[in-house]
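Below you'll find the structure, written out as structure tokens, and then a few comments.
Structure, rendered in structure tokens:
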């Protein structure tokens, strides 16, 4: 159908949807008047039962840990999918990669400081996720971002060991598979899948919360590698050579 | 029962998000849209913070600060690079 | 007034759908999809908000003090990851489309129909 | 045996991770063996689970978070015979597809195998999950795997277009579903399906619940390719490699319907179960889908696209079965799912073999080229008759149960329309078969649109292997109607599936199931009516196929009248399937708004 016809049909349809939304909203409890019970119950039981101060992370990695397992694999499948879809692109682009080294030492120094900062922030987010806000996903993305900065600031070679996709593939699988293995360990020992088996430790410390910590680290590894692999698929062969070209002309 | 009202800061955050969405959608140029989407992402982060949701806020921050821009910009660069290469070829 | 947050979420959703349906560029369209999805985060987090509640992180606050719903936050976290996965795939497809047909306009990207 | 349900998900996922991680260290043979072994093991476990679920509800609370005082804390897999049966069929189809692709796909095998296993795990998780958000997670996981698999053949535009349309429409469906979750969560404060149901049993079910229901169901209907949300399906299924088509068309689309049934009978039958309004919408959507897609199938010349529309047609019939809202209809849907999954997979396999043999996928180009391939011809013909529902073949028994349900509800016109639709889709397949394997009919037919060709993925396959897989799939699908005791068990499974309060008691309070009475092991008989319908649908299909083949030999007056009356609507219909994703999204918005509006009128007050 023509674009005009599409707009003519879309308009009333969106108006109808808007009316439905309005009707639904009229029946919602007022903002700020959440009535529970699910969230309230978890706020009460998770800290004493799991020795984690961050109930959101306790929910993500323990009470609703299976959702997070699915989430890890959504990212995992997306990485595989992007690799599958872009395999022609990377194959046809056998041109040598230009390295475009940044000449200015001051810029490099700034970059190194930023990388150090990002790595630390990433690690901190991963490590303290089940105590304060943060966690494997956020930390993993920041960590991957830092390694990518290394690629931008440093020469291509600096990035190389991390960009070796065999290693990244393996690490990602260890992360995602590790999550499953922690869950299966509980199943083998006769409890339910993903049961928190390990010592719960003291609330508020890094060794608290039992297998939540393990799952958090597993997903941190998986997310870091997945993000790096995604970036590698999208970036490595194109953007930087292009920039170097721009700089040269 | 608590009478539910919006704190002023929440009001501002919701307002920003409500403004941001049409701006992102109506910016038809992908590069500018990527920029607008970044600003929209920040307004979502602010909203999540004032809704007492630090974990989603952090997650949104890393996604709209690192994740989205990198893939979107890379895609734009590739598409433009192809176009340019093709133009060069025609010449 | 107390319904404004939900109205904002619905507003975002409708704009996102309008953007997807009328987009002339797959990269633009992918971003519009994330806008539509952001509606679900806004809905979720607004729904779980408790007036004068604090974040569900109990450091230095005693257990049982008013806190907002942690469940919707966990759901929003998962939702964010889903959006990254989907945008990456759609952009990869956009690149393929561009490589094969020289365009990223979904209206022109028609190989078979009917 | 509550340890089985998580294994159905984790075993394939773990294998996917191992394959992706160890790609460079693992010999190809080992990888092949691992993939097929894991998929077969998952299938075997699903059959074990099916046997176990006969006598009780297999409930697994992840992390050991059992409900406290009837409040669910964690996520559960709650498996009755229906869900377990679905998992078994899913596993079977995926295993067959993986064996088929052993020699069919050499390129990018690691990525392909991993993604297929991820899809298998996600579908099993979806069939078993008892938690609303967890359903969303599995839905997205299977979708992400499927988008990439659809675009597998990246050197052609068609697969990219199909994958783009698939990805955008289904992602939008997922987001509508997520908004629906937020709305229903605001009302009930629960995510466990049984608990949402019990929360809805008190208080009024106003606009909020109706709108949430609309968004949730529309999310599933987009996945399930129901009119007007079906437009992406033909684009996507026509272009994926044959083994992927078999999985997508055979089980992944249909699973959206399982979502519809699960959601209706655990949640929305509580507030709306006293009337028939919710079901009537499904019934009508199903009928329209079946007839429209049957017609579209008849207008195709690309074999996989024709099969895609045939899938959508049967989706419509199955949705109508759910829409009857009784055990008979649901049991019919269940049996049709089983037979349809295997038969469709078999026919996609045959289309793939033809494509490899001749490098062609267009019915008209293939005319007469299949002469002498008796095994292929037999598989195609038998599969088609099974899909039409010729008495005691394939989907027949399921259709028979559906007929019985419809006439018990006093709607005898429902079966007539549905049989007509399956005859239409079957006629298209019969026509193609006669043209390809017998060389009948004209060489060209402008009715079928412009020619479409594509290069096959692979030219050197181990033919006995792929042929054997195709024949196995068709044979298994064909005998579904005469497996002794299957019909009775399907009805028992449907009874249990529909028992909303019983389900809630078993899941939330751990109440044991009363010991089921022993079921007879005999072939279920159908009414005389169904027998007549089945035979006449077969003859109608044959007749229509002949008309399609020899259209030009009709008397001039007949074809003139037909040209005037039939041509304009066909042109409109083709125009609607425009292949443009913006149009598809517009129709999704229209469909959601209209569905919500209808429910608002019927259910409010």
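Chains as they are written, first to last, in this note's numbering: chain E, 1153 to 1401; chain X, 1083 to 1173; chain A, 2 to 115; chain R, 2 to 606. Note that the Cβ used here is the ideal one computed from N, Cα and C, for glycine as well.
Coil, strand or helix - residue i by DSSP
i: residue 226 of chain R; result: coil
i: residue 102 of chain R; result: helix
i: residue 62 of chain R; result: strand
i: residue 240 of chain R; result: coil
i: residue 1348 of chain E; result: coil
i: residue 53 of chain A; result: coil
i: residue 1206 of chain E; result: strand
i: residue 484 of chain R; result: coil
i: residue 1229 of chain E; result: helix
i: residue 1182 of chain E; result: coil
i: residue 417 of chain R; result: helix
i: residue 113 of chain R; result: helix
i: residue 335 of chain R; result: helix
i: residue 464 of chain R; result: helix
i: residue 1104 of chain X; result: helix
i: residue 453 of chain R; result: coil
i: residue 513 of chain R; result: coil
i: residue 104 of chain A; result: coil
Pick from the options that is closest to residue i, judged by C-alpha positions
i: residue 1105 of chain X; options: X/1121, X/1096, X/1129; result: X/1121
i: residue 1144 of chain X; options: A/4, A/37, A/78, A/43; result: A/78
i: residue 87 of chain A; options: R/134, R/167, R/48, R/52; result: R/167
i: residue 84 of chain R; options: R/118, R/34, R/498; result: R/498
i: residue 1118 of chain X; options: X/1141, X/1155, X/1088, X/1167; result: X/1155
i: residue 48 of chain R; options: R/172, R/91, R/22, R/216; result: R/91
i: residue 35 of chain A; options: R/177, R/33, R/541, R/149; result: R/177
i: residue 1129 of chain X; options: X/1102, X/1169, X/1150; result: X/1102
i: residue 113 of chain A; options: R/365, R/145, R/233; result: R/233
i: residue 156 of chain R; options: R/570, R/455, R/596; result: R/455
i: residue 182 of chain R; options: A/25, A/29, A/38; result: A/38
i: residue 179 of chain R; options: R/438, R/149, R/215; result: R/215
Identified DSSP bridge partners for residue i
i: residue 132 of chain R; result: R/193
i: residue 69 of chain R; result: R/72
i: residue 1374 of chain E; result: Paired residue(s): none; residue 1374 of chain E is not in a bridge.
i: residue 303 of chain R; result: R/363
i: residue 78 of chain R; result: R/61, R/130
i: residue 58 of chain A; result: E/1206
i: residue 68 of chain A; result: A/55
Other residues of its chain near residue i: CB distance less than 6 angstroms, five sequence neighbours each side excluded
i: residue 5 of chain R; result: 46, 50
i: residue 381 of chain R; result: 351, 434
i: residue 1273 of chain E; result: 1294
i: residue 1313 of chain E; result: Bear in mind that the predicted position of residue 1313 of chain E carries a pLDDT of just 47, short of 50, making it too unreliable to give a figure here.
i: residue 228 of chain R; result: 289, 290, 293
i: residue 1376 of chain E; result: 1292, 1295, 1296
Spatial neighbours of residue i in its chain, beta-carbon cut-off 8 angstroms, leaving aside the 5 residues before and after
i: residue 160 of chain R; result: 151, 152, 153, 154, 240, 241
i: residue 1215 of chain E; result: 1194, 1198
i: residue 543 of chain R; result: 428, 431
i: residue 605 of chain R; result: 207, 208, 211
i: residue 55 of chain A; result: 62, 66, 67, 68, 69
Cut-off 7 angstroms between Cβ atoms - residues of its own chain near residue i, not counting five sequence neighbours on either side
i: residue 460 of chain R; result: 357
i: residue 331 of chain R; result: 262, 322, 323, 495, 498, 499
Residue i: contacting residues in chain D (beta-carbon distance under 7 angstroms)
i: residue 215 of chain R; result: Here chain D cannot be found, since the structure's protein chains are E, X, A and R.
Against chain A: residues of the region 573 to 593 of chain R by CB proximity under 7 angstroms = 575, 578, 579, 580, 581, 582, 583, 586, 587, 590
### Query
What residues in the region 19 to 44 of chain R bring their beta carbon closer than 9 angstroms to a beta carbon of chain E?
19, 20, 21, 22, 23, 24, 25, 26
Item to complete: Report the residues of the region 1194 to 1209 of chain E with a CB closer than 8 angstroms to any CB of chain A, ordered along the chain.
Response: 1194, 1195, 1196, 1198, 1199, 1200, 1205, 1206, 1207, 1208
| message | So if I threshold CB-CB distances at 8 angstroms, which residues from the region 41 to 52 of chain A count as touching chain E? | response | 47, 48, 49, 50, 51, 52
**Item:** Near-chain E residues of the region 1126 to 1149 of chain X - C-beta to any C-beta below 9 angstroms
**Value:** 1135, 1136, 1137, 1138, 1139, 1140, 1141, 1143, 1144, 1145, 1147, 1148, 1149
For the region 127 to 160 of chain R, which residues have a beta carbon sitting closer than 7 angstroms to at least one beta carbon of chain E?
-> 134, 135, 138, 139, 141, 142, 145, 146, 148, 149, 152, 153, 155, 156
- [ ] Quick one: which residues of the region 1152 to 1164 of chain X get their C-beta closer than 8 angstroms to a C-beta of chain E? List them in chain order.
- [x] 1152, 1153, 1155, 1156, 1157, 1159, 1160, 1163
For the region 81 to 107 of chain A, list every residue whose C-beta sits within 7 angstroms of some C-beta in chain R, in sequence order. 83, 86, 87, 90, 91, 94, 97, 98, 101, 102, 107
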